[in-house]
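Each residue of the sequence shown is one higher than the one before, counting from 138 in the numbering used here. Heads up, the beta-carbon is just placed ideally off N, CA and C, and yes, glycines get one too. It should be emphasised that the depicted structure is a prediction, and the values quoted were computed from it without experimental measurement. To start, the structure itself, in structure tokens.
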Amino acid sequence: GPSGSGKSTLMNIIGCLDTLTKGQYILNGKDVSKMTDDELADVRNVEIGFVFQQFNLLPRLTAWENVALPLIYAGVNKKDREERARAILDKVGLSDRAHHKPNELSGGQSQRVAIARALVNNPSIILADEPTGNLDTKTSYEIMELMAQIHEQGNTVILVTHEEDIANYTKRIVRIRDGVVESDAATSTVSAVN
């Protein structure tokens with residue numbers, strides 16, 4: 138949907154960043170609308186992986202340190218953090234860039250680090266807000282192929298985009314306008330033509 142359609146509000150509710158004014162939100166059998174702030178923080182760290190248009194990597198940390206950050210909050214010991222962060226960087230094709238800081242990475246590499254960070258706790262949901270918005274076309278398609286692989290491995294991927302070709306990588310497109318679902322339909326293709 139266009140700007141102001143309610144996409145960000147919906148993403149914030151799904152991501153447990155905002156609370157409902159009415160209704161109920163059940164996530165993996167739990168009523169999110171009745172959770173405390175601490176419980177919501179745990180849900181955000183364990184159940185949901187966030188990917189943003191701006192990457193939101195910490196500039197003083199290396200790629201693997203950025204990826205390992207959610208594991209610190211989850212109480213994972215240092216050895217396991219390092220192993221898991223390196224394994225997930227390998228999964229997104231960046232094991233050779235593990236010791237590079239964000240200013241030493243391309244836009245596509247930075248987004249892959251951000252995706253790895255979102256995946257490191259093995260969340261059930263990946264929320265991606267314009268994950269290709271700052272990338273060139275070729276890199277955007279590479280990121281969407283990675284998102285498709287993540288979905289094939291059992292994660293739910295919820296993606297916000299204004300770009301029709303990016304939306305066509307998904308199995309389902311929900312269009313929102315003025316806070317109302319305008320359409321909800323399966324797509325005929327799972328990936329765009331490169």
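Coil, strand or helix - residue i by DSSP
i              : result
lysine 171     : helix
arginine 314   : strand
arginine 197   : coil
alanine 205    : helix
asparagine 240 : helix
aspartate 302  : helix
threonine 156  : coil
Residues near residue i by beta carbon distance below 8 Å, same chain, minus five either side
i              : result
serine 142     : Ile313, Arg314, Asp315, Gly316
leucine 208    : Asp217, Arg218, Arg221, Ala222, Val257, Asn258
threonine 156  : Ile150, Ser170
asparagine 165 : Glu184, Ser261
threonine 146  : Asp155, Gly316
Where the beta strand (DSSP E) through residue i begins and ends
i          : result
valine 318 : 317-323
Those residues which DSSP pairs with residue i across a bridge
i             : result
aspartate 266 : Phe189, Val297
leucine 164   : Lys167
arginine 98   : Outside the shown range of the chain (138 to 331) lies residue 98, about which nothing can therefore be said.
Boundaries (first-last residue) of the alpha helix (DSSP H) holding residue i
i              : result
asparagine 149 : 144-151
tyrosine 306   : Note, tyrosine 306: premise wrong, no alpha helix (DSSP H); not H, not E.
histidine 288  : 274-289
valine 250     : 244-256
aspartate 233  : Note, aspartate 233: premise wrong, no alpha helix (DSSP H); not H, not E.
leucine 332    : Beyond the ends of the chain as shown, which are 138 and 331, falls residue 332; an answer cannot be given.
Proximity to residue i [Cα-Cα], best of the options
i              : options                        : result
isoleucine 300 : Arg234, Thr269, Phe189, Leu195 : At residue 300 the sequence reads glutamate, which differs from the isoleucine that was named. That would be Thr269, whose Cα lies nearest to the Cα of glutamate 300.
isoleucine 403 : Asp175, Val169, Arg181         : Lying outside 138 to 331, the shown extent of the chain, residue 403 is not represented and no answer is given.
isoleucine 225 : Ala255, Asn292, Thr274, Gly244 : Ala255
histidine 237  : Ser243, Thr199, Lys228         : Thr199
proline 139    : Glu267, Ile287, Thr276, Asp273 : Glu267
threonine 293  : Ile280, Thr307, Ile303, Asp302 : Thr307
serine 243     : Leu272, Lys228, Ala253         : Leu272
Close Cβ partners of residue i (< 7 Å) along its chain, the five nearest in sequence each way excluded
i           : result
valine 183  : Ala211, Asn258, Pro260
glycine 152 : Arg181, Ile185, Phe187, Leu264
leucine 194 : Asn203, Pro239, Ser247, Val250, Ala251
Own chain residues within Cβ distance below 6 Å of residue i, not counting five before or after
i             : result
leucine 154   : none
aspartate 321 : Val311
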